[in-house]
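K.L.:
In the working numbering, the protein residues as written are 3 to 369.
One structure, as structure tokens, below. Some questions next.
Next comes the structure, spelled out in structure tokens:
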């Protein structure tokens, strides 16, 4: 089989961004061979990630497996998921770098990758939703439909003539400028540039929310302290061999379309020969216009052989997020529903990734 597998958009087309949304909140080659009894991957899945032997059997049948993790606060959700891919770790990385195609699907309304350095042209396709355009004129610090800093709220108030026929174009331009400035400043200052949301309730420092997610390091298939140090101290301490890119997307979760900006770090593990874990990928949210306070998806690619002896991989996703609406009495009723549906969303997304890789000679997805 060719090392490079074809990528297709048929089958499941759920984007990574639907991992933790429910009706707006739950809304991140398939001939997967059976692991040999007591194989390194099987031991990792059961002993390190905490899955049962029956879950391993589900993996071997071509299904994704999901387990929810305990979290320290109600507004945080966390899951670990595993799926077998009929593609080598390198084939996955190659496909993933083409993020606009990799994340393509009906729920992705707009998507683009930032240049180095970021340019306004990178966001030329970005437009605000009609819902946001209608609600933005009423935004004030502490009472705003979008997650915005006080400075951004002021920019929308002073730089857009809301009664003008050009108001939507002006608002789009303010949004593009805000996001380009965010990425540029973040690339210089790191987490302090993430700012503070003044949408509703007390001001919310975004860096504090991310730092809380970063403190949780359970259910990881490999110890990657150097990657965690980089995520905390960015732009300092880039791990050897690692590289970054940034992308934005507008995602339709079922309610309000949400603009998100992500910082991706791809880290090839130097000790892969002894552990089988070839790559760690960190997908760090640095902005979301709705729902999310912060989000971090850590993915690991583990070498394995398919049933036919071809290079394959186990993909592990450890996804955490902090979101609105999960506290208080109403939140206590909503959280179990959100948790269950976000588990389903992660399962669907991992099986969608599995379906992206097919055997070129047969087109069989193994599902």
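All residues carry an ideal CB built from backbone N, CA and C; glycine is no exception.
In whole angstroms, what is the alpha-carbon distance linking residue 39 and residue 315?
P.N.:
Any reading at residue 39 is ruled out, since the residue's pLDDT is 46, under 50, leaving its predicted position unreliable.
K.L.:
Where do the N-terminal and C-terminal ends of the beta strand (DSSP E) with residue 161 fall, by residue?
P.N.:
Counting along the chain, residue 161 falls outside any beta strand (DSSP E), though it belongs to the alpha helix (DSSP H) covering 152 to 161.
K.L.:
Work out the CA separation of residue 264 and residue 287 for me, nearest whole Å.
P.N.:
Their Cα atoms are separated by approximately 4 angstroms.
K.L.:
Report the option in 225, 175, 52, 194 whose CA atom is closest to the CA atom of residue 300.
P.N.:
It is 225.
K.L.:
Okay, do the region 150 to 160 and the region 183 to 201 touch, 3+ Cβ pairs below 8 angstroms being the bar?
P.N.:
Touching, per the Cβ criterion.
K.L.:
Considering only residues of the same chain and omitting the five flanking positions on each side of residue 26, which have a CB-CB separation below 7 angstroms?
P.N.:
Residue placement at residue 26 is flagged as unreliable, the pLDDT there being 43, under the threshold of 50; the coordinate-derived value follows with that caveat. Around residue 26: 255, 256, 257, 258, 293.
K.L.:
For the candidate residues 357, 102, 213, 99, whose alpha-carbon lies nearest to that of residue 234?
P.N.:
Per the Cα distances, 213.
K.L.:
Quick one: grab the DSSP three-state call for residue 69.
P.N.:
Three-state DSSP puts residue 69 in a strand.
K.L.:
On the premise that residue 78 lies in contact with residue 324, defined as a C-beta separation below 8 angstroms, what is that separation, rounded to the nearest angstrom?
P.N.:
About 5 angstroms separates the two Cβ atoms, so the contact holds.
K.L.:
Could I get the ranges of all uninterrupted beta strand (DSSP E) runs contained in the region 163 to 193, with 3 residues as the minimum, in chain order?
P.N.:
Entirely contained in the region 163 to 193, not one beta strand (DSSP E) run reaches 3 residues.
K.L.:
Have a look at 80, 49, 41, 86 and flag the residue whose alpha-carbon is nearest the alpha-carbon of residue 60.
P.N.:
Comparing Cα positions, the closest option is 86.
K.L.:
Have a look at 122, 253, 92, 318 and flag the residue whose alpha-carbon is nearest the alpha-carbon of residue 186.
P.N.:
Closest by alpha carbon: 122.
K.L.:
Distance check for residue 110 and residue 251, CA to CA, integer angstroms please.
P.N.:
Near 7 angstroms, if we compare the C-alpha coordinates of residue 110 and residue 251.
K.L.:
Tell me where the alpha helix (DSSP H) around residue 99 begins and ends.
P.N.:
From DSSP, the alpha helix (DSSP H) with residue 99 extends over 91 to 99.
K.L.:
Counting only C-beta atoms, is residue 220 closer than 8 angstroms to chain D at any point?
P.N.:
Any reference to chain D falls outside this structure, which holds one protein chain only.
K.L.:
Could you have a look at residue 57 and say whether DSSP puts it in helix, strand or coil?
P.N.:
Three-state DSSP puts residue 57 in a helix.
K.L.:
Might you give, ordered along the chain, the residues of its own chain that have their beta carbon closer than 8 angstroms to the beta carbon of residue 117, omitting 5 neighbours on each side?
P.N.:
Counting only Cβ-Cβ distances below 8 angstroms, and skipping sequence neighbours, we find 123, 124.
K.L.:
Assuming residue 262 is part of the beta strand (DSSP E), what are its boundary residues?
P.N.:
Element bounds for residue 262: 260 to 270.
K.L.:
Please report the residue range of the alpha helix (DSSP H) in which residue 211 lies.
P.N.:
Where residue 211 is concerned, the enclosing alpha helix (DSSP H) stretches over 208 to 216.
K.L.:
Quick one: what's got a C-beta closer than 6 angstroms to residue 81's C-beta in the same chain, skipping five residues either side?
P.N.:
68, 70, 321, 345, 348, listed in sequence order.
K.L.:
Could you give the first and the last residue of the continuous alpha helix (DSSP H) run that contains residue 232?
P.N.:
Unbroken alpha helix (DSSP H) run through residue 232: 227 to 235.
K.L.:
DSSP beta-bridge partners for residue 140?
P.N.:
For residue 140, which the question treats as bridged, DSSP gives no partner whatsoever.
K.L.:
Tell me whether residue 132 sits in a helix, a strand or coil according to DSSP, three-state version.
P.N.:
DSSP places residue 132 in helix when its eight states are reduced to three.
K.L.:
What do you get for residue 191, buried or exposed, if any count of 16 or more other CB atoms within 10 angstroms of its CB means buried?
P.N.:
Residue 191 should be labelled exposed.
K.L.:
Should residue 140 be labelled buried (16 or more other beta-carbon atoms within 10 Å of its own) or exposed?
P.N.:
So residue 140 ends up on the exposed side.
K.L.:
Determine which residues share a DSSP beta bridge with residue 286 and list them.
P.N.:
Residue 286 is bridged to 265, 298.
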